[in-house]
Amino acid sequence: MAMKINNKKKSFFVVIDGSEEVLYLKCLDLDEAEDEVKRFLKVDALNDSIEIIY
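In terms of numbering that gives the first Met the number 0, the sequence shown has 23 at position 24, counting the first letter as 1, and numbering is strictly consecutive.
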């Protein structure tokens, strides 16, 4: 019997430094969303000015 993999992506919204502009992501989980934000911003770590909302 084949195992079904649940790869349903969730919606995440990212607010950077209180901006009115919001980044929209579809990711499997919060860890993947954080990795995508770091890649997008070209940083190694996120700080308190970045809010990720699920």
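A virtual CB, placed ideally from N, CA and C, is assigned to each residue, including glycine.
Chain-order list of residues whose beta-carbon lies under 6 Å from that of Y53 (same chain, five-residue window excluded): The answer, listed in chain order, is F11.
Endpoints, beta strand (DSSP E) assigned at L22: Per DSSP, L22 is one residue of the beta strand (DSSP E) stretching across 21-26.
Find out if the Cβ-Cβ distance for the pair E33, L45 is shorter than 8 Å. Between E33 and L45, the gap from beta carbon to beta carbon is short of 8 Å.
Which partner residues does S18 have in the DSSP bridge list? Bridge pairing for S18: absent [DSSP].
Report yes if the C-beta distance between K8 and C26 is below 8 Å; otherwise report no. K8 is a Cβ neighbour of C26, given a cutoff of 8 Å.
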